[in-house]
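Asker:
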Amino acid sequence: MTSAPAPSAEVRLAASPALAPLLARGALLSPLKRPRPDAGRPGTRLVLPGPRVDTARLAAYERVCGFPTGEDALPVTYPHVLGFPLAMRLMSAPGFPLPLLGLVHTSIGITRHRATPPTGDYELTVYVDGLAPHRRGTEAAVVTELRDGGDVVWESRSTYLARHRTASDGTAGRQEGEKEPGAPLPAVEEWRPAGDVGRRYAAASGDRNPIHLYPLTARLFGFPRAIAHGMWTVARCLAAHGTPDAARVRADFRAPVLLPGTVTYAAAGGRFELRGEGGRVHVAGEVEAA
Numbered sequence: 001m002t003s004a005p006a007p008s009a010e011v012r013l014a015a016s017p018a019l020a021p022l023l024a025r026g027a028l029l030s031p032l033k034r035p036r037p038d039a040g041r042p043g044t045r046l047v048l049p050g051p052r053v054d055t056a057r058l059a060a061y062e063r064v065c066g067f068p069t070g071e072d073a074l075p076v077t078y079p080h081v082l083g084f085p086l087a088m089r090l091m092s093a094p095g096f097p098l099p100l101l102g103l104v105h106t107s108i109g110i111t112r113h114r115a116t117p118p119t120g121d122y123e124l125t126v127y128v129d130g131l132a133p134h135r136r137g138t139e140a141a142v143v144t145e146l147r148d149g150g151d152v153v154w155e156s157r158s159t160y161l162a163r164h165r166t167a168s169d170g171t172a173g174r175q176e177g178e179k180e181p182g183a184p185l186p187a188v189e190e191w192r193p194a195g196d197v198g199r200r201y202a203a204a205s206g207d208r209n210p211i212h213l214y215p216l217t218a219r220l221f222g223f224p225r226a227i228a229h230g231m232w233t234v235a236r237c238l239a240a241h242g243t244p245d246a247a248r249v250r251a252d253f254r255a256p257v258l259l260p261g262t263v264t265y266a267a268a269g270g271r272f273e274l275r276g277e278g279g280r281v282h283v284a285g286e287v288e289a290a
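Residue numbering for the sequence shown is 1 to 290, as defined by the numbering used here.
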């Protein structure tokens with residue numbers, strides 16, 4: 001059972017929200033929230049006309065993720081960075097039923113309808129598309145749309161999981177949209193992400209979640225050392241794989257990448273994986289022409 005939609009209300013913003021106050025608000029409100037899949041969800045649609053692409057931050061993003069710099073089009077994952085402050089405003093709000101602390105980004109699906117130049121006259125829209133039961137808790141779907149001249153030129157759907165006790169014993173089948181695991185893909189390259197990758201990505205993207213920054217701040221949340229941003233891992237894979245101008249991308253985040261560390265990028269055809277020691281899959285995804 002998914003949640004019933006709340007009455008839709010469009011809120012137009014004058015500027016992109018600052019992330020630090022939203023993180024603080026979400027952390028303070030998290031203990032007060034009791035997640036469940038039938039909870040009401042916010043019907044607010046946040047709209048930001050004319051989102052600004054900072055060329056210096058874009059170049060830093062391209063470097064840390066492995067994309068070529070100075071291209072005529074934004075990296076396929078970059079509109080997620082532009083929309084992330086709006087998503088955080090929604091997910092840190094009192095009306096959002098899942099606690100921000102502990103929320104796990106589990107998947108992203110991206111459709112780029114055409115190349116998106118950094119200088120485009122864009123408009124961003126972000127909204128929560130629903131809550132759904134998950135075998136490990138409750139999952140929320142957040143949709144981001146990038147428009148140019150009224151046409152959607154890029155869109156994504158991210159799922160975020162709040163873990164909590166459920167009626168399932170944890171052995172239920174795979175969630176809708178998840179692929180059955182297949183044979184390991186052939187290895188292409190070995191990567192050794194450094195301990196500062198989380199800080200470099202945070203500076204370029206604005207996502208300064210403490211679990212990604214330092215071993216000490218990560219240990220406060222139960223990790224032995226800092227972990228890479230999930231969106232860095234998929235961006236790094238897509239930089240290596242390549243995407244056509246019109247493309248569909250799907251990626252599932254399965255296990256965190258500890259920093260520093262060693263991972264193997266593997267790919268065949270439209271599929272890719274990032275694997276760790278013992279063949280553990282951190283990210284699995286696919287790319288196809290739209």
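All residues carry an ideal CB built from backbone N, CA and C; glycine is no exception.
Going by C-alpha distance, which of R163, G279, H212 is nearest K296?
Answerer: The displayed coordinates of the chain run from 1 to 290. Any statement about residue 296 would go beyond what the structure contains.
Asker: Going by DSSP, what residues sit across from T243 in a beta bridge?
Answerer: Translated into positions along the sequence shown, residue 243 becomes position 243. Paired residues: none, contrary to the question.
Asker: Compute the Euclidean distance between the alpha carbons of T77 and D129, then round it to the nearest angstrom.
Answerer: Counting from 1 along the sequence shown, the entry for residue 77 is found at position 77. Counting from 1 along the sequence shown, the entry for residue 129 is found at position 129. Going from the Cα of T77 to the Cα of D129 covers about 20 Å.
Asker: Going by other Cβ atoms of all chains shown within 10 Å of its Cβ, with 16 needed for buried, is V257 buried or exposed?
Answerer: On the sequence shown, residue 257 is found 257 positions in, with the first residue counted as 1. By the 10 Å Cβ count, V257 comes out buried.
Asker: How would you label T44, buried or exposed, when you count the other beta carbons within 10 angstroms and need 16 or more for buried?
Answerer: As a position in the sequence shown, residue 44 is number 44, starting the count at 1. Classification for T44: buried.
Asker: Sorted by chain position, which residues of the same chain lie with C-beta nearer than 6 Å to Y127's C-beta, five sequence neighbours on each side aside?
Answerer: Within the sequence shown, the letter at position 127 stands for residue 127. Taken in chain order, the residues that qualify are R45, V143.
Asker: Pull the bridge partners of E190 from the DSSP assignment, please.
Answerer: In the sequence shown, the residue the question calls residue 190 occupies position 190. In DSSP, E190 forms a bridge with T264.
Asker: Between the stretch 237-245 and the stretch 84-95, can you find at least three pairs of beta-carbon atoms closer than 8 Å?
Answerer: Not touching, per the Cβ criterion.
Asker: Assign V152 to buried or exposed, taking buried as 16 or more other Cβ atoms, counted over all protein chains shown, within 10 Å of its Cβ.
Answerer: Reading the sequence shown from its first residue, position 152 is the one you call residue 152. Exposed.
Asker: Starting from the C-beta of D169, find all residues in its chain whose C-beta is less than 7 Å away, skip the five residues before and the five after it, and write them out in chain order.
Answerer: To locate residue 169, count along the sequence shown from 1; it is residue 169. Low confidence applies to D169: its pLDDT is 46, below 50, so where it sits in the model is not reliable enough to give any reading.
Asker: What's the call for A14, buried or exposed, on a 16-neighbour Cβ count within 10 Å?
Answerer: For the purposes of this step, residue 14 is taken as the residue at position 14 of the sequence shown. Exposed, by the Cβ-count rule.
Asker: At which residue ranges does the stretch 78-110 contain complete alpha helix (DSSP H) runs of 4 or more residues, listed in the order of the chain?
Answerer: Segments of the alpha helix (DSSP H) lying fully in the stretch 78-110: 78-91.
Asker: In the DSSP assignment, the beta strand (DSSP E) including G137 goes from what residue to what residue?
Answerer: One-based indexing of the sequence shown puts residue 137 at position 137. Residues 137-148.
Asker: Is the beta carbon of T166 sitting closer than 8 Å to the one on E139?
Answerer: Position 166 of the sequence shown, counted from the start, is the residue given in the question as residue 166. Position 139 of the sequence shown, counted from the start, is the residue given in the question as residue 139. Not in contact: T166 and E139 (Cβ atoms no closer than 8 Å).
Asker: Give me the residue from A290, T125, R114, R254 with the minimum Cα distance to R89.
Answerer: In the sequence shown, counting from the first residue as 1, residue 89 sits at position 89. The shortest Cα separation from R89 among A290, T125, R114, R254 belongs to T125.
Asker: Between which residues of its own chain and F223 is the CB-CB distance below 8 Å, once the five residues before and five after are set aside?
Answerer: In the sequence shown, counting from the first residue as 1, residue 223 sits at position 223. I211, P256, L258, listed in sequence order.
Asker: Which word fits L161, buried or exposed, when buried means at least 16 other C-beta atoms lie within 10 angstroms of its C-beta?
Answerer: For the purposes of this step, residue 161 is taken as residue 161 along the sequence shown, with counting starting at 1. So L161 ends up on the buried side.
Asker: T233 to R225, Cα distance in whole Å?
Answerer: Residue numbering aside, residue 233 sits at position 233 when the sequence shown is read from its first letter. Residue numbering aside, residue 225 sits at position 225 when the sequence shown is read from its first letter. Near 17 Å, if we compare the C-alpha coordinates of R225 and T233.
Asker: With 16 as the cutoff for other CB atoms within 10 Å, does R41 come out buried or exposed?
Answerer: Within the sequence shown, the letter at position 41 stands for residue 41. R41 should be labelled buried.
Asker: Quick one: give me the first and last residue of the beta strand (DSSP E) that T55 is part of.
Answerer: Here the question's residue 55 lines up with position 55 in the sequence shown. T55 -> not in any beta strand (DSSP E); alpha helix (DSSP H) instead, spanning 55-65.
Asker: Out of S16, R36, T264, R192, which one is the CA nearest neighbour of L131?
Answerer: Here residue 131 refers to the residue found at position 131 of the sequence shown. The residue with the shortest Cα to Cα distance from L131 is R36.
Asker: Determine whether the beta carbon atoms of T69 and P118 lie at a separation below 8 Å.
Answerer: Taking the first residue of the sequence shown as 1, we reach residue 69 at position 69. Taking the first residue of the sequence shown as 1, we reach residue 118 at position 118. Taking 8 Å as the Cβ cut-off, T69 and P118 do not qualify as a contacting pair.
Asker: Just to confirm before moving on: does the CB-CB distance between A115 and V188 stay below 8 Å?
Answerer: Taking the first residue of the sequence shown as 1, we reach residue 115 at position 115. Taking the first residue of the sequence shown as 1, we reach residue 188 at position 188. Contact flag unset, no.
Asker: Throw me the rounded Cβ distance for the R254 and A284 pair, which I believe falls under 8 Å.
Answerer: Within the sequence shown, numbered from 1, the residue matching residue 254 stands at position 254. Within the sequence shown, numbered from 1, the residue matching residue 284 stands at position 284. Indeed, because the Cβ distance is near 6 Å, the residues count as touching under 8 Å.
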